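One structure below.
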Amino acid sequence: MIDTDKEIGRTAAGLADRVLALPRKDARLMVAVAGPPGSGKSTLAEQVVAGLVARGAAAVLMPMDGFHLDNRLLEPRGLLPRKGAPETFDFHGFAHALNRVRNEPSVILPVFDRDREIAIAGAAEIRPETRIVVAEGNYLLLDEDPWRALAPLWDLSVFLSVPVEELERRLVGRWLAHGFAPEAARAKALGNDLPNAERVMRAARRADIVINWPG
């Protein structure tokens, strides 16, 4: 199984080495770590950044989740039950931010607070000394408009592929960990999370590196 701390750490270390082997250039290096919800991409991306920093690289993590639309916008659009789907993100704001991150010395970004389920504006900064940005999110490689417009931004792309049955187990477990009763946790996972996961798996662009988990 690939989902042990030791194996995830080994995978992250290999990815950090791959990032450091990329050709140097004037603009920042942009790395995409994508995959369905429950695939482990956030943990992997965090460890890749930690590995880069440990090797002396000026690297930071940029989660896509800071660009969630607020519930006050989702509810009148009828999208609140689908929160987390591609159409519930500020794609254009995210794409603009990524283009700025590639080329501008300092960029202020929003951060998603999972406890409160809201995005907080102006909560993170890409600083001038940062040379590598590892972005992570479900839809970074989605081959649908408008998301496919992100493809030229990535110097390296990584996709985590996980069997649907394993994703279902993990997603139900996530809601159980948040205090939901078993039936409610399963309803949350199957009603929204798993359809989003299947959409990601079905419509992802081919990544430079595909990791099949569990291995």
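When we follow our numbering, the leftmost residue of the sequence shown carries the number 48, and every step to the right adds one. Don't be surprised by glycine CBs; every beta carbon is placed ideally from N, CA and C. Just so we're clear, the structure is a prediction, and the values are computed from it rather than from any experiment.
- Counting only runs of 3 or more residues that sit fully inside the segment 163 to 240, the beta strand (DSSP E) segments are 165 to 173, 179 to 184 and 203 to 208, in chain order.
- Assigned with DSSP and collapsed to three states, D73 falls in coil, not helix or strand.
- DSSP places A106 in no alpha helix (DSSP H) but in the uninterrupted beta strand (DSSP E) bounded by A106 to P110.
- Minimum Cα-Cα distance from L76 among the listed residues A97, E54, T58 and A105 corresponds to A105.
- If you draw a straight line from the Cα of G98 to the Cα of L69, it comes to about 15 Å.
- The beta-carbon separation of G131 and F159, rounded to 11 Å, does not stay under the 8 Å limit for a contact.
- Excluding sequence positions up to five before and after G85, its CB lies within less than 6 Å of the CB of L214, R217 and L218, all in the same chain and listed in chain order.
- In this structure, V205 sits away from V107, with a CB-CB distance that is not shorter than 8 Å.
- If you draw a straight line from the Cα of R147 to the Cα of R174, it is about 12 Å long.
- With the rule of 3 Cβ pairs closer than 8 Å, the segment 185 to 203 counts as touching the segment 239 to 248.
- Beta bridge pairing from DSSP links L156 with A171.
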